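Colleague: So the sequence lines, in the order shown, correspond to chains A and B. Count along the first sequence starting at 1, add 80, and that's the number in my numbering. Count along the second sequence starting at 1, add 22, and that's the number in my numbering. Each residue gets a CB set at the ideal place from its N, CA and C atoms; glycine is no exception. Please read all numbers here as calculations on a predicted model, not as lab measurements.
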Amino acid sequence: MATAQQIKNGYIDYVLIHDEKPKSVYSFVKKLKISEEEFYNFYASFESIEKNIWAELTIETIHTLQEQEVWGSYNSRDRILAFFYSYIEVLKKQRSFIIYSLKKHKSKFSTPEVLSGAKPIFEHFADEVVNEGLDSGELAARKFFSKRYKDALWLQFAFIVNFWIYDDSTGFEKTDEAIEKGINVTFDLFQRSPIDNLFEYGKFLSRNGNFKEKMKF
Amino acid sequence: MKEQESIPVSKTERSAKFVKTGFQIGGNYIKHYSKKLFNPQMDRSELNEDNATDIYKSLSELKGSALKIAQMLSMDKNIMPKSYIDKFTQSQYNAPPLSGPLIVRTFTKNFGKPPEKIYDKFKLSSTNAASIGQVHEAELNGKKLAVKIQYPGVGDSISSDLKLVKPFAFRLLGMSEKELNIYIREVEERLLEETDYELEVRRSIDITSACKDLKNVVFPKYYPDLSSKRIITMDWINGLHLKEFLKTYPSQELRNKIGQALWDFYNFQQHELRAVHADPHPGNFLITPDEKLGVIDFGCIKEMPDDFYYPFFSLISSDVIRDKTQTINAFRQLEMILPGDNPQQVEFYHKAYKEMIDVFAKPYTSKTFDFSKPEFFDQLYAYGEKIAKMPEFKQARGVKHFIYVNRTNFGLYSILQELKAVVQTDTFKPHIK
């Protein structure tokens, strides 16, 4: 009996050797010496294998993180930073496949289809972390915007992964810097900033507009 | 303390930082001159104070080599107005630390496991900044340890930082570009060595074992197994930094003891090892509860080649300086007098440098020397100021080794002055051929 793991490994092996996906499910299962039925028991298509790999890697990262002792002492910013540092570490084990999987996606602006499985998982995770930050007051609650924080983090996700596949520095040190700086900038924006104060000052002035006349400006 | 969440790393970002400083300094000048319109008596010390604050602020945000340069400038008290120095010496203490997850990441990359799996205890928030890294407290088998972690990307940014600092230092110090180039190259070499933590561990072990018999000096033990390219593990040394130590009003006797330990440590290295811990800023020393001098951080080691050592120390501790021909000869070897100089120039530089050596060598001329006397330092500062104003000294002179040797000895002298110590100066004498 074939297992999901077997099929997955067989698929990774195939694409890394041939640099393209198998011509058909039929030819692929024949190579693996399993029946088509067994394949479809686990996966609907080759794309779903790839999506699954991404989703699994993302889940694996989140799990290992939450098991770490320090996790409890981290604030939201640290948690997202920690996620990306571990994620890069986890992805490293499958770097060739990751590069294969992302590089065939040409458009820079839309989310690659292969990430569509990982996206909801990451967003759920990010949402949780952001909400904790909002509750503790670490992050600024803003009408309309605080719901979009996770989207900003998803953009960072796509950017960092893309940065990493083109990174040729020793030990991917440049990716570390990209993470440290990118996430920090993003979180700086999530926090209360002078813009909030300016906005509130504006609101105050418009509410109390009649002072202006009294003061004869 | 607030954690600094980002270091500007790309060259443009760093340049922006310097440009910002430039604008602020410009603003300070405008402020100064507009105030002066109404109050012609105002001197420049307020202006210097304002400038120093802004320069310090932007340098301390840069971390890495720029912070190191801030430290170096702060050592050369003779070329900096006093208000600059006070601000710069702040950079020798706490600079803001990096995020926790990046520290964990650095450990997993270097050792394959997080810090809590390596040590029994590990404090994720850092205790101290060490200019190109930060120091954390840890514990293993009941022993308290200091763990130094290097910021990522430091090596990369050193050269580009130095290029940025150049025009800035050029204006700030009023040095000629040629002079600055020699300086920058030597500094770059040392700084790059400092980013090599494996080298630092090897050297630390070498020097501390060579110095182990010195009285009243203690060193941390280094753990090569727990160290790597980016991490150094050593014993934690309990003690007070110089400033804190002085606040406890130590007795003259104790100050002499610490001063003597410091003097012996440096002169033993200079004359017996010919390689010297060239980073004598107060942050690298601790005074332990049992009244000993703790020396930490061997990142910066300056080796003294024979062709520098012999001419230089023969000037300082022999009769050479009383013989004009021999003195000029030594000055030529040290490139303080250049082959192209005409007789008047030879005369001029001989006189100027002889004066310098006379001041510099004072502690060596008697058996004991009292560093608390302000006259000696007044002379040193006055000489430095005089030199800074002479157009003849805008030109590159002196071999490159002077940069770190001067820095070392000047640093040593100024710490001894702060200690107000009386020191026996003939414990380790120069070896002259």
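Which partner residues does B/K165 have in the DSSP bridge list?
Modeller: For the purposes of this step, residue 165 of chain B is identified with residue 143 of the second sequence, where counting begins at 1. Answer is B/L162, bridged to B/K165.
Colleague: Using a Cβ-Cβ cutoff of less than 8 Å, which residues in the same chain neighbour A/F243 once the five nearest sequence positions on both sides are dropped?
Modeller: Translated into positions along the first sequence, residue 243 of chain A becomes position 163. Cβ neighbours of A/F243 beyond the five flanking positions: K254, T255, A258.
Colleague: With a CB to CB cut of under 8 Å and the five nearest residues on each side skipped, what residues in its chain are close to B/L236?
Modeller: Locating residue 236 of chain B in the second sequence gives position 214, where the first residue counts as 1. Contacts found: A283, D286, F287, F290.
Colleague: Could you tell me whether the Cβ atoms of B/D448 and B/K389 are closer together than 9 Å?
Modeller: Residue numbering aside, residue 448 of chain B sits at position 426 when the second sequence is read from its first letter. Residue numbering aside, residue 389 of chain B sits at position 367 when the second sequence is read from its first letter. Contact flag set, yes.
Colleague: Taking the Cβ atom as the reference point for each residue, do B/R429 and B/P302 lie within a distance shorter than 9 Å?
Modeller: Position 407 of the second sequence, counted from the first residue, corresponds to residue 429 of chain B. Position 280 of the second sequence, counted from the first residue, corresponds to residue 302 of chain B. Contact: yes.
Colleague: Leaving out the 5 sequence neighbours to the left and right, which residues in its chain are closer than 6 Å to A/Y91 when beta-carbon positions are compared?
Modeller: Locating residue 91 of chain A in the first sequence gives position 11, counting from the first residue. So the list reads I129, once near-sequence residues are dropped.
Colleague: Do we get a CB-CB distance below 9 Å when we pair B/T310 with the residues of chain A?
Modeller: Position 288 of the second sequence, counted from the start, is the residue given in the question as residue 310 of chain B. Output row for B/T310: interface = no.
Colleague: Among the residues of its own chain, which have a CB less than 6 Å from the CB of B/M256, if the five just before and after it don't count?
Modeller: Taking the first residue of the second sequence as position 1, residue 256 of chain B is located at position 234. A168, P242, Y244.
Colleague: Which same chain residues, not among the five before or five after B/A443, have their C-beta less than 6 Å away from its C-beta?
Modeller: Along the second sequence, read from residue 1 onward, the residue named residue 443 of chain B stands at position 421. Taken in chain order, the residues that qualify are R277, N278, G281, F393.
Colleague: Going along the chain, which residues of its own chain have a beta-carbon closer than 7 Å to the beta-carbon of A/L96, five neighbours each way excluded?
Modeller: Residue 96 of chain A sits at position 16 when you count from the first residue of the first sequence. Hits under 7 Å: S176, F177, Y180.
Colleague: Give me, in chain order, the residues of the same chain whose beta-carbon lies closer than 8 Å to that of A/L171; leave out the 5 immediate sequence neighbours on both sides.
Modeller: In the first sequence, counting from the first residue as 1, residue 171 of chain A sits at position 91. Excluding positions up to five away in sequence, the list reads L137, I178, V241, W244.
Colleague: Going by alpha carbons, who is nearest to B/K143 out of B/G420, B/Y386, B/S273, B/K165?
Modeller: Indexing the second sequence from 1 puts residue 143 of chain B at position 121. That would be B/K165, whose Cα lies nearest to the Cα of B/K143.
Colleague: Since B/G261 and B/L308 are thought to touch, with beta carbons under 8 Å apart, how far apart are those beta carbons, to the nearest angstrom?
Modeller: Translated into the one-based positions of the second sequence, residue 261 of chain B becomes position 239. Translated into the one-based positions of the second sequence, residue 308 of chain B becomes position 286. Correct: roughly 3 Å between the Cβ atoms.
Colleague: In chain order, what residues of the same chain lie with their CB nearer than 6 Å to the CB of B/I253, ignoring the 5 residues before and after it?
Modeller: If you number the second sequence from 1, residue 253 of chain B lands on position 231. Excluding positions up to five away in sequence, the list reads N132, I171.
Colleague: Can you check DSSP and say which residues form a bridge with B/G155?
Modeller: Reading the second sequence from its first residue, position 133 is the one you call residue 155 of chain B. BP columns for B/G155 point to B/Q172.
Colleague: What separation, rounded to the nearest whole angstrom, lies between the Cα atoms of B/E369 and B/R354?
Modeller: Here residue 369 of chain B corresponds to residue number 347 of the second sequence, with the count starting at 1. Here residue 354 of chain B corresponds to residue number 332 of the second sequence, with the count starting at 1. Approximately 12 Å between the Cα atoms of the pair.
Colleague: Looking only at its chain, what residues have a beta carbon closer than 8 Å to the beta carbon of B/L264, apart from the 5 residues adjacent to it on each side?
Modeller: Within the second sequence, residue 264 of chain B is the residue found at index 242, counting from 1. Result list for B/L264: P304, F307, I309, I437, E440, L441, in chain order.
Colleague: Can you find a CB in chain B that lies within less than 9 Å of the CB of A/G251?
Modeller: As a working mapping, residue 251 of chain A is identified with position 171 in the first sequence. Taking Cβ atoms only, chain B reaches closer than 9 Å to A/G251, which makes this a yes.
Colleague: When you compare the CB of B/L146 with every CB in chain A, is at least one pair closer than 9 Å?
Modeller: Taking the second sequence and counting its residues from 1, one reaches residue 146 of chain B at position 124. Interface residue, yes.
Colleague: If you draw a straight line from the alpha carbon of B/K234 to that of B/D228, how long is it in whole angstroms?
Modeller: Locating residue 234 of chain B in the second sequence gives position 212, counting from the first residue. Locating residue 228 of chain B in the second sequence gives position 206, counting from the first residue. Going from the Cα of B/K234 to the Cα of B/D228 covers about 10 Å.
Colleague: Does chain B have any CB closer than 9 Å to the CB of A/Q236?
Modeller: Residue numbering aside, residue 236 of chain A sits at position 156 when the first sequence is read from its first letter. No, no contact with chain B.
Colleague: Since B/E369 is in the alpha helix (DSSP H), which residue starts that stretch and which ends it?
Modeller: Along the second sequence, read from residue 1 onward, the residue named residue 369 of chain B stands at position 347. Taken as a continuous stretch (DSSP letters only), the alpha helix (DSSP H) holding B/E369 covers 365-382.
Colleague: Per the DSSP calculation, B/D309 is bridged to which residue(s)?
Modeller: Translated into the one-based positions of the second sequence, residue 309 of chain B becomes position 287. The sequence as given places Ile at residue 309 of chain B; Asp does not occur at that position. Paired residues: B/L262, B/L315.
Colleague: For B/H299, report the span of its alpha helix (DSSP H) as first-last.
Modeller: By 1-based counting over the second sequence, the position of residue 299 of chain B is 277. Unbroken run through B/H299 is the beta strand (DSSP E), 297-299; no alpha helix (DSSP H).
Colleague: Does the beta carbon of B/S340 come closer than 9 Å to any beta carbon on chain A?
Modeller: Along the second sequence, read from residue 1 onward, the residue named residue 340 of chain B stands at position 318. With 9 Å as the cut-off, B/S340 does not count as an interface residue toward chain A.
Colleague: Closer than 8 Å: is that where the CB of A/A198 sits relative to any heavy atom of the ligand GDP?
Modeller: Of the ligands one can find in the structure shown there are none, so the ligand GDP has no counterpart to examine.
Colleague: Give me the subset of the segment 128-153 of chain A whose CB atoms are less than 8 Å from a CB atom of chain B, sorted by chain position.
Modeller: Hits within the stretch, in order: Q148, E149, V150, S153.
Colleague: Applying a beta-carbon distance threshold of less than 7 Å, which residues of chain A neighbour B/S250?
Modeller: Mapped onto the second sequence, residue 250 of chain B falls at position 228. Result: empty, since nearest Cβ-Cβ is about 11 Å, beyond 7 Å.
Colleague: Since B/T130 meets chain A, which of its residues come closer than 9 Å, beta carbon to beta carbon?
Modeller: For the purposes of this step, residue 130 of chain B is taken as the residue at position 108 of the second sequence. The answer, in chain order, is Y165, S166, E169.
Colleague: Please check if any C-beta of chain A sits within less than 9 Å of the C-beta of B/L124.
Modeller: Translated into the one-based positions of the second sequence, residue 124 of chain B becomes position 102. Chain A contact via Cβ: present.
Colleague: What alpha helix (DSSP H) runs, 4 residues minimum, are completely inside the segment 229-266 of chain A?
Modeller: Taking only runs of at least 4 residues, the alpha helix (DSSP H) segments lying wholly in the segment 229-266 of chain A are 229-245.
Colleague: Which whole-angstrom value is the C-beta distance of A/F126 and A/K101, which I expect to be below 8 Å?
Modeller: As a first step, residue 126 of chain A must be located in the first sequence, where it is residue number 46. As a first step, residue 101 of chain A must be located in the first sequence, where it is residue number 21. Indeed, because the Cβ distance is near 5 Å, the residues count as touching under 8 Å.
Colleague: Taking 9 Å as the CB-CB limit, is A/D231 close to chain B?
Modeller: Position 151 of the first sequence holds residue 231 of chain A. No, A/D231 lies away from the interface with chain B (no Cβ there is under 9 Å from its Cβ).
Colleague: I'd like to know if A/I240 contacts chain B, where contact means its C-beta is closer than 9 Å to some C-beta of that chain.
Modeller: Residue numbering aside, residue 240 of chain A sits at position 160 when the first sequence is read from its first letter. Output row for A/I240: interface = no.
Colleague: Look at the Cβ atom of A/V109, then the Cβ atom of A/F122, and state whether they are nearer than 9 Å.
Modeller: On the first sequence, position 29 is the one that residue 109 of chain A refers to. On the first sequence, position 42 is the one that residue 122 of chain A refers to. No, the Cβ-Cβ distance between A/V109 and A/F122 is not below 9 Å.
Colleague: With B/I437 as the anchor, note down where its beta strand (DSSP E) starts and where it stops.
Modeller: In the second sequence, the residue the question calls residue 437 of chain B occupies position 415. Looking at the DSSP string, B/I437 is not in any beta strand (DSSP E); the run it does join, the alpha helix (DSSP H), is 423-441.
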